[in-house]
Each structure stands twice: as structure tokens, then as C-alpha cells.
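Each residue of the sequence shown is one higher than the last, beginning at 773 in this note's numbering. For glycine and all other residues, C-beta sits at the position ideal for the given N, C-alpha and C. One structure below.
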Amino acid sequence: MRGILLVLLLIISSAMPSMAEDSDIEISGLMIDRTLTRFGKDFGFYYASYWRDLPFTQGFNVTLYETVFPQAGTLLRLEVNGVTIYRTHFGRRASPIKERAEQAILLTIDYLAQVRANAITAEFADNADGY
773 MRGILLVLLL IISSAMPSMA EDSDIEISGL MIDRTLTRFG KDFGFYYASY
823 WRDLPFTQGF NVTLYETVFP QAGTLLRLEV NGVTIYRTHF GRRASPIKER
873 AEQAILLTID YLAQVRANAI TAEFADNADG Y
């Protein structure tokens, strides 16, 4: 009896890892901050607070890049799934960071709506009967 139980337990335990491998875990809806300066970090902070409040961000990853120009300031670039949707320049002096983050989140909302609308219209085009 113990031998049969041991064999059944061994069979079940060997089947478990293969079931875990079949269901891959996908992480999406992330905001990746690759900024270097205080301006970039502040922009990322404000933008991330707005991004967290957005519903239905699954499947979209946002990356914030910063290029520093020592004499001219910094250039921030915002990408959604690898597509650049927003660029802004911060000079060496104080700039309205929060307002620019608000502008960037509005452009992000527009971009997400456009991507979803294109997906829906493409789905309708695939289902068309030719009329």
C-alpha cells in the first residue's frame, strides 16, 4: 500500500513542474524609470503616480529615458511598448516638472486609446463579409 502511494505521489510531483512551465507569467503595466538627474527622477515620480491611477494598463509598458547634455540640460524620452510618444527638454534651471508630467500622461492616454481603437477596427476588418 505504501509503495503504491509513493509511486502515485512521485507521478503527481513529476507532473507539477511541467504544468507550471505551461502557464508563463507575464508582467505588464510597468513603468520603467531610466533617468539620471533630479529633474528626471521628479518627472518619473509624478508620471508614475498618474500611471498607477490609470485603469486597463495591462499589456503596456512605459519606459522613461534621459539623456544628459552637460551644458544644455537633459532630454527626456517616454516610450510605450518601444514607441516614443513624448519628448521634453529640461534646462539647467528649475522647470515646471509636474505640468510636463501631466502633459505626458495625457499623451499616453491618447496613445493607449488609439492603440485599442486600432485593434478593434482591425478586428472588425478581419470579421467583415466583404460588404
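Distance, residue j Cα to residue i Cα
| i | j | result |
| --- | --- | --- |
| F862 | Y819 | 15 Å |
| R888 | T839 | 30 Å |
| I869 | R810 | 10 Å |
| D814 | E871 | 11 Å |
| L878 | Y858 | 10 Å |
| E851 | V834 | 6 Å |
| E827 | S821 | The sequence as given places Pro at residue 827; Glu does not occur at that position. Their backbone Cα atoms lie some 13 Å apart in a straight line. |
| L808 | G801 | 22 Å |
| A876 | R824 | 14 Å |
Per-residue DSSP class, three states only, for residue i
| i | result |
| --- | --- |
| F716 | In the structure as shown, the chain begins at 773 and stops at 903. Residue 716 is therefore absent and cannot be evaluated. |
Extent of the continuous beta strand (DSSP E) run through residue i
| i | result |
| --- | --- |
| G845 | G845 to V852 |
| T807 | No beta strand (DSSP E) contains T807, which DSSP labels as neither H nor E. |
| R859 | V855 to F862 |
Environment of residue i [buried if 16+ CB atoms lie within 10 Å]
| i | result |
| --- | --- |
| L836 | buried |
| A873 | buried |
| I892 | exposed |
| T856 | exposed |
| F841 | exposed |
| G816 | buried |
Chain D within 8 Å of residue i, Cβ atoms only
| i | result |
| --- | --- |
| R865 | Absent from the structure: chain D. Only one protein chain is present. |
Requested in this report: Examine the Cβ distances between the region 877-894 and the region 840-849 and report whether three or more of them are shorter than 8 Å.
Outcome: no
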